[in-house]
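Working notes, structure below.
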Amino acid sequence: MTRTDHPRGAAPSLPVIAGTAGSPVTSGRLRTVWRAAHAPVAGVPRWARLAAYTVPFTVLPSSLWRLPAVFDEGIGLGERAYIVFLSILSELVAFTAVGLVAAWGERFPRWIPGLRGRRVPTPAAVIPATLGAVILTVLWTAAFVTEFAGVTLRGEPTPADFPTQAGGWEAAIFYICYLPLLLWGPLLAAVTYAYHRRRTQ
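Positions 311 to 511 (the working numbering) are the ones given, in order, by the sequence shown.
Shown next, in the form of structure tokens:
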């Protein structure tokens with residue numbers, strides 16, 4: 311029997327072509343990208359890695375809380391686009407904390423023209439991250455202090471239609487979604503400290 315012959319009644323085996331199903335290759339590429347974006351570099355303390363991975367999750371609840379407003383009938387197209395854009399931008403900004411423990415925070419990715427593969431100067435990462443941590447800590451602390459005081463950041467009385475004024479489940483869900491933002495600044499500050507310490511040793 312030759313290699314191309316088949317036993318009587320047996321179905322011929324077909325060659326397996328990578329990517330014909332689509333999903334294995336796609337999932338494999340997504341997994342590779344995910345690991346490359348999250349894999350910590352050598353020398354990152356476990357606490358810093360956990361803090362960096364936690365940052366996007368402190369922002370996610372508030373981002374999701376805003377999205378149902380897109381379907382309100384009383385807002386225009388521009389407001390809908392702004393809500394979606396704000397939620398996506400918030401998550402992207404929060405994800406930069408992961409760069410302080412991953413390889414792409416120490417060397418520019420290959421897709422950046424002119425900088426690909428070059429070492430990221432330590433101040434170029436530490437200074438913006440430090441400023442961001444300070445601003446976020448002050449902003450969200452002030453926002454909640456004034457909210458509990460019954461006024462806005464401008465010192466005006468909290469609007470009657472604000473979620474916290476409704477009470478009950480509406481207010482509880484708002485606080486559950488927004489209170490984690492108080493951790494954004496401190497967590498970013500901790501990860502930035504670990505990054506600076508690792509890069510300057």
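Virtual Cβ for every residue (Gly too), placed ideally from N, Cα, C.
Close-in-space but distant-in-sequence residues of the same chain around residue i (CB under 8 angstroms, 5 per side omitted)
| i | result |
| --- | --- |
| residue 457 | 468, 474 |
| residue 364 | 493, 497 |
| residue 400 | 369, 372, 373 |
| residue 255 | The structure shown does not extend to residue 255, since the chain is modelled only from 311 through 511, so no value can be given for it. |
Nearest-angstrom Cα separation, counted from residue j out to residue i
| i | j | result |
| --- | --- | --- |
| residue 445 | residue 484 | 22 angstroms |
| residue 379 | residue 353 | 43 angstroms |
| residue 340 | residue 480 | 37 angstroms |
| residue 477 | residue 462 | 17 angstroms |
| residue 405 | residue 507 | 20 angstroms |
| residue 498 | residue 439 | 7 angstroms |
| residue 377 | residue 415 | 30 angstroms |
| residue 453 | residue 338 | 42 angstroms |
| residue 464 | residue 357 | 37 angstroms |
| residue 382 | residue 351 | 44 angstroms |
| residue 486 | residue 348 | 27 angstroms |
| residue 490 | residue 437 | 24 angstroms |
| residue 388 | residue 355 | 44 angstroms |
| residue 391 | residue 471 | 22 angstroms |
| residue 375 | residue 385 | 16 angstroms |
| residue 396 | residue 455 | 23 angstroms |
| residue 398 | residue 422 | 21 angstroms |
| residue 359 | residue 418 | 20 angstroms |
Same chain, Cβ closer than 7 angstroms to residue i, five either side skipped, listed in chain order
| i | result |
| --- | --- |
| residue 362 | 407, 408, 410, 411, 501 |
| residue 488 | 372 |
Proximity to residue i [Cα-Cα], best of the options
| i | options | result |
| --- | --- | --- |
| residue 492 | 366, 340, 358, 341 | 366 |
| residue 442 | 357, 382, 374, 494 | 494 |
| residue 433 | 350, 358, 357, 503 | 503 |
| residue 402 | 422, 369, 358 | 369 |
| residue 510 | 450, 431, 497 | 431 |
| residue 435 | 424, 384, 413, 447 | 413 |
Residue range of the alpha helix (DSSP H) that includes residue i
| i | result |
| --- | --- |
| residue 490 | No alpha helix (DSSP H) contains residue 490, which DSSP labels as neither H nor E. |
| residue 450 | 432-458 |
| residue 309 | No answer is possible for residue 309: the residues shown for the chain start at 311 and end at 511. |
| residue 388 | 387-405 |
| residue 469 | Residue 469 -> no alpha helix (DSSP H), and no H or E assigned at all. |
Proximity test, residue i beta-carbon vs the ligand MG heavy atom, cut-off 7 angstroms
| i | result |
| --- | --- |
| residue 396 | This structure lacks the ligand MG, and indeed carries no ligand of any kind. |
Contact set for residue i: own chain, Cβ-Cβ below 6 angstroms, skip 5 residues either direction
| i | result |
| --- | --- |
| residue 428 | 418 |
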